[in-house]
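Residue numbers (my numbering): 51 to 1159.
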């Protein structure tokens, strides 16, 4: 109700109340008191009508309303309308109205005196009461309406807010969708540009490869004049099974760097200046060491969280399942970019607009692989979580091509996401750990405790070198970060004598002390330095420098690329001052004993890479103060050439003196003496910023302070992760493990002779005797192409035992194939397919797979080689690829599953590299296309028929010889690396044997032998008076066994062809030979159609065995 209406009604009511109090009748009530006007009107309006008719016509609509009012308001009106005697008028009227519906009756009732009096008396007050009730009702209604209006407004406001919120949500969703689409488009553009970059890089590599193939002096466009040109080489990133990088490849970026000068001494600050500078730049609160780690359960299935994450990853759709900013960590270069992972591949695309990347020298970038990288999941062999700048935010991935790539991420959570997006490979198959993602995420200490490598080292199943490389690998030492390069110990102290006696303890270092504490005077200096420490804001330390830094790594490797270029990148494009350059082994050792700022340990290359000591690229390294030119590294007097140094260093590392102390050096570098009170007692405390968990970079908010901290960590070195908080167990002694090894056992040279029914010469012998094989056997093939699968019985443990005699047939190692012995089922043992008549059947015509189940044969007239089942003799595959008769075959060593490489050489002067699938037992890895397998590589360079070949998967090399000319070395990707040029008259190679240790022995016609390194250096040569038919190297590459037409088997020292032993002559010539898996039995195939088994023990020619300690 409007407020002005309420006010006027209120005023009206007040006036009425005043009039009534004064005895006046309100004017509004006068019509109720008199109907005279009505009657007059009626009379005037219708005189011709009766009064009743007129009343009914006039009141026909009002009368029902009045009756209804009376009935509805009867309770109220009955109390109000009272007669002169107090009687209720309405009740009587209602009775009257019910008995008659006539309007006249109603008019008469209302016009009666009693009603008139009662209305005049009570109507005014009743009206006022009605008005008041109306007012109350009005206020109540007003409150109700206001309340309803407020509620309606609240509801409307809420709906309006919801509409605004929904609108905002809609706008946000639209913006997010647009951003996602934009990001997706950006990612697509990124992937497309990355693919273009990769294609460009690949095209350049292929172009370079084609140019090399065509212009090499042994190629179609090559000329002998090219041999006069300077060839530049660089160390390849290929690693062997022990993680050694030994292979050199052509370097298109090579140079003599004649424009590079040496630093002056004034350009070096003093050690004190550096220390003071580092103290002034920043102070960082050290982070307390973590509590002992909660051990991972490394057995059993993945935990539920891992499985859930894997399920989430599996359900992710789209081409890219994970994308993250990342840094590619390479030597002297850390490149920002984007890492993307699809369901089958990893991609990395460097941010070429990054100012830091633009500042990097283009030569350094040229040596850095993976800037536009793509890696297939099928190529991933191991995944390790890693540290970068002391933070656990990095990851290293090892590939099937024996290289690795390292990435750093924003945080550890990203590392975990990435690891769980990659294949389930763990840390590989070498360390006895399950191939699970949780293993990739395990800490170094967890890997160490769960691995079987320590027990294998104690039992002498692996070498000291292999064990140290294992420790370096799991503690995060990597070739990809020079600041965390693998660290190895100095083991010798005598670098002056003409002869080095490795049986004298005085020639060996005390491995229980750090390098800084070997000299008592220097040890006292460092102890005093620790005790008199004055800096209250940093913990005390013994040494301001570290035993392994990026600078020390480049110091050792300055003569070989790419480390020379890396040095320039960190050294203002200059060589070090000649007096500070690595120039002599003895001088470096003296500095490590006398110079208070030099506590460098060694790097693994000291034990396998002789090329690091030779200035093969002709750098001008300057002149020392003593007027001597710095060129090659000056070797100790006892090493005539770098190969001698490396060989003797390795012998010393594997010696008994080092074996019985090595655990103490491990305690210092990786173990309980690395930190804490034991480190203080051992004089083994370094700057606190070299230790794990010493600083959290994410907690440093000041960008300048963070940059300074990172620079300090990069320059000062990093200590490996701590593996042990208790002493490392010692190695078991060789005498304890195999006491018979050091006793003169009067074993007979010949174990047994096995004569086959046929007199056809045995031209091929393959001894695959591992106990886990289904059929451990010695497979033989004769000139008439009859083969025999002769079962092998492992009798080595019985030899030398009491009562052992050769007469006990079941103790003999070889049991003749029953089908051949009984001359039954000869069709199952005869290869009847026709060979080319011009082919001479030799040992090179056959290859036996590692499981003894298949024999590969070449020489067929249709230019194929064929695969036969050794069980049934049936042909299982024919392989075509050459343009002429296949003349020789070779097989690489086999890995898990029996996979290996097969190389075929032909009269067409080419070689084809094939892949043997141990799973499908075919050439090629696609069983649906076994009729037309494709070779992995075509190897060219020979200009005559290929007659001999050897392949080593571990080194990734194929070495082949033609009828005449030098042997050629190819990589398994098809690159011609080099030619092995023998001396004059060494022109007709006939036999090749290569060991994984890097020796390549080549036999030429007329009894001539050469020993080459895998990098082409001629190490030794000799001539013998025998036409040699078979050669082989022991598994460690140290010993060579030969046999020929005169029937004599001889053992030589491979490095210098020193004769070690001559077996008694046989009555027929030797045509083939092989060694049992344990290197204890030599089986030879004879021209008389028999095989002879010889006892052989290479340990007895070891210097320690000869000195019997």
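By construction, the Cβ of each residue, glycine as well, lies at the ideal position given by its N, Cα and C atoms.
- Under the three-state reduction of DSSP output, residue 1094 falls in the strand class.
- Scanning 109, 169, 1129, 110 for the CA closest to the CA of residue 128 turns up 169.
- Membership of residue 982 in any alpha helix (DSSP H) is not indicated, and neither H nor E is assigned to it by DSSP.
- For the alpha helix (DSSP H) assignment, the uninterrupted runs of no fewer than 4 residues enclosed by the stretch 496-563 are, from N- to C-terminal side, 503-508, 514-524.
- For residue 158, the enclosing alpha helix (DSSP H) starts and ends at 153-160.
- Of the other Cβ atoms in all chains shown, fewer than 16 fall within 10 Å of the Cβ of residue 198; this residue is therefore exposed.
- Taking all protein chains shown into account, residue 318 has fewer than 16 neighbouring C-beta atoms within 10 Å of its C-beta and is therefore exposed.
- When Cβ pairs closer than 8 Å are counted between the two stretches, the stretch 412-421 is seen to touch the stretch 602-617, the count reaching three or more.
- CA-to-CA, the gap between residue 636 and residue 687 works out to about 9 Å.
- Inside the stretch 878-944, DSSP marks whole beta strand (DSSP E) runs of 3 or more residues at positions 896-898, 904-907, 914-919, 925-930, 936-941, from first to last along the chain.
- Inclusion of residue 561 and residue 708 in the CB contact set at 8 Å is warranted, their separation being smaller than that value.
- Boundaries of the beta strand (DSSP E) around residue 1100: 1099-1103.
- Using a Cβ-Cβ distance cut-off of 8 Å, the stretch 649-661 and the stretch 299-308 are not in contact, since fewer than three pairs of beta carbons, one from each stretch, lie closer than that value.
- A Cβ-Cβ contact shorter than 8 Å links residue 960 with residue 989.
- For residue 842, DSSP records a beta bridge to 864.
- Taking residue 386 as the centre and dropping the five residues before and after it, the same chain places the C-beta of 377, 401, 404 closer than 6 Å to its C-beta, in chain order.
- In this structure, residue 527 keeps its C-beta atom at 8 Å or more from the C-beta atom of residue 541.
- Setting aside the 5 residues that flank it on each side, residue 994 is surrounded in the same chain by 959, 1012, 1013, 1014, 1015, each with a C-beta closer than 7 Å to its C-beta; the list follows chain order.
- Annotation for residue 387: the continuous beta strand (DSSP E) segment containing it runs 383-391.
- A Cβ-Cβ distance of about 12 Å is found for the pair residue 963 and residue 1000, leaving them out of contact under the 8 Å criterion.
- With fewer than three CB-CB distances shorter than 8 Å, the stretch 1123-1132 does not count as touching the stretch 1062-1072.
- When the five nearest sequence neighbours on each side are left out, the beta carbons in the same chain lying within less than 6 Å of the beta carbon of residue 287 are those of 453, in order along the chain.
- As the crow flies, the alpha-carbon of residue 291 is around 12 Å from that of residue 481.
- Between the beta-carbon of residue 1141 and that of residue 830 there is about 6 Å, and that keeps the pair under the 8 Å contact cut.
- Residue state for residue 230 is assigned as helix, using DSSP reduced to three classes.
- Our two residues, residue 106 and residue 113, have alpha carbons roughly 9 Å apart in a direct line.
- For residue 422, DSSP records a beta bridge to 399.
- Counting the other Cβ atoms within 10 Å of the Cβ of residue 1034 gives fewer than 16, which makes it exposed.
- Fewer than three pairs of CB atoms, one per stretch, sit closer than 8 Å, so the stretch 132-147 makes no contact with the stretch 174-191.
- Three or more Cβ pairs drawn from the stretch 1077-1096 and the stretch 1035-1052 lie within less than 8 Å of each other, which places the two stretches in contact.
- Look at residue 191 here: in three-state DSSP terms it is helix.
- Fewer than three beta-carbon pairs drawn from the stretch 879-888 and the stretch 801-817 are found closer than 8 Å, and the two stretches are therefore not classed as touching.
- Each residue's CA atom was taken as its position, placing residue 969 and residue 505 some 31 Å apart.
- Check the Cα spacing between residue 134 and each of 110, 164, 116: the tightest is with 164.
- The residue among 896, 985, 956, 955 with its C-alpha nearest the C-alpha of residue 967 is 985.
- Residue 127: member of the alpha helix (DSSP H) spanning 124-130, first to last residue.
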